[in-house]
Amino acid sequence: MNGRERRNKIIQMLSESSEALSGKELAGILDVSRQVIVQDIALLRAQDHEILSTNQGYLLTGEKKISRVFKVVHSDKEVEEELKLIVDYGGHVEDVFVYHKIYGIVRADLHIASRNDIKEFLGDLKNGHSALLKNITSNYHYHTVSAPSEKLLDLIQGKLQESGFLAELKDYEPINFWEKETKEKDKE
C-alpha cells in the first residue's frame with residue numbers, strides 16, 4: 001500500500017467510525033509506525049480534510065462524503081458535458097484513472113467540484129498541449145466521484161447512464177467497482 005492509498009484508507013476508517021481512532025490503533029491496522037500516521041494526518045489536513053485531534057484519537061469532522069467509481073466512455077468533445085453533469089448534480093470528481101492491459105492502473109487526481117474547476121482543468125489541458133488520459137484506452141476511463149449521500153450518487157449514475165457515458169465492465173478488468181454496492185443493496 002502506497003502513501004496515497006494509506007491516507008485514503010485513513011479517511012475511510014475515520015468516516016466509518018462513530019468513535020475517535022487513536023494513532024496507535026490506525027498504525028496497527030495499517031502496519032506502519034504511529035509517526036507515519038501523524039505525518040499522514042498532517043498531509044490530509046493540508047488537503048482540507050477536517051480532522052480533529054482529541055485525547056481519545058482522531059475524528060473526522062465536517063461533511064461526510066460517500067464515493068463511488070464510475071466507468072465512463074466519451075469523446076474529447078464530450079469531456080466538459082460529462083464533468084458538468086457530475087458537478088451539477090452535487091458530485092465531486094476526485095480523480096481519473098485508466099486500466100491499461102500493459103501498464104496497469106494509471107491515475108491522476110482532479111478534485112473538480114464546480115464549473116469553474118472544469119474551466120480551469122480544460123484550460124490547463126489546452127495550454128499544456130496535453131492529451132486526456134482516456135485516450136490511451138480508446139476513451140474508456142474511470143472517475144471516483146464523491147457526494148454527500150448515496151441518493152446523489154444514484155442520481156449521478158442514472159444521469160451518466162441516460163447520457164450514454166456509463167460503460168460496462170469487461171472480464172479482464174481488475175475490480176468490479178459496483179460489487180460492494182450490489183452486495184449492500186442485496187442485504188437490504
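For the sequence shown, the positions run 1 to 188 when the UniProt record's numbering is used. Built from N, CA and C at the ideal position, the CB exists for glycine as well. Please read all numbers here as calculations on a predicted model, not as lab measurements.
Of the residues the options, the one placed nearest residue i, counting alpha carbons only
i    : options               : result
I29  : R6, E19, R45, Q39     : R6
F165 : V79, M13, I11         : V79
V93  : Y99, H100, I105, F121 : F121
S57  : A20, L110, I102, I41  : Reading off the sequence shown, one finds Gly at residue 57, where the question assumed Ser. Among A20, L110, I102, I41, the Cα nearest to that of G57 is on A20.
S130 : K170, D76, A167       : D76
D48  : G23, T54, G62         : G62
R4   : S22, A42, S18         : A42
L160 : S53, V73, A46         : V73
G23  : N55, M1, E50          : N55
V87  : V106, D171, Q157      : Q157
Proximal residues to residue i (C-beta, below 7 angstroms), its chain only, five neighbours per side dropped
i    : result
I66  : S146, A147, S149, E150, L153
K134 : V98, Y140, H141
K126 : none
I10  : L26, D40, L44
8 angstroms contact criterion, which residue i and residue j should meet: CB distance rounded
i    : j    : result
Y89  : L14  : Not confirmed; about 26 angstroms, so no contact.
T137 : H111 : Contact doesn't hold; Cβ gap of about 22 angstroms is too wide.
D124 : D109 : 13 angstroms between Cβ atoms; not a contact.
Residues of its chain near residue i, where Cβ-Cβ distance is below 6 angstroms and the 5 sequence neighbours each way are ignored
i    : result
E168 : none
Contacts around residue i, its chain only, beta-carbon distance under 8 angstroms, and the 5 residues preceding and following it disregarded
i    : result
E188 : Only weak support exists for where E188 lies, its pLDDT of 42 falling under 50; the value from the coordinates is given anyway. Cβ within range, chain order: n/a, list empty.
M1   : K9, L30
Looking at C-beta atoms only, is the number of pairs between the region 109–118 and the region 65–84 that lie closer than 8 angstroms three or more? yes
Going residue by residue through the UniProt domain "Helix-turn-helix type 11" (6–58), where are the continuous alpha helix (DSSP H) segments of at least 4 residues, counting only ones entirely within it? 23–30, 34–46
Which parts of the UniProt domain "3H" (71–166) are runs of the beta strand (DSSP E), unbroken and 3 residues or longer, counting only runs that do not cross its ends? 92–100, 104–112, 140–147
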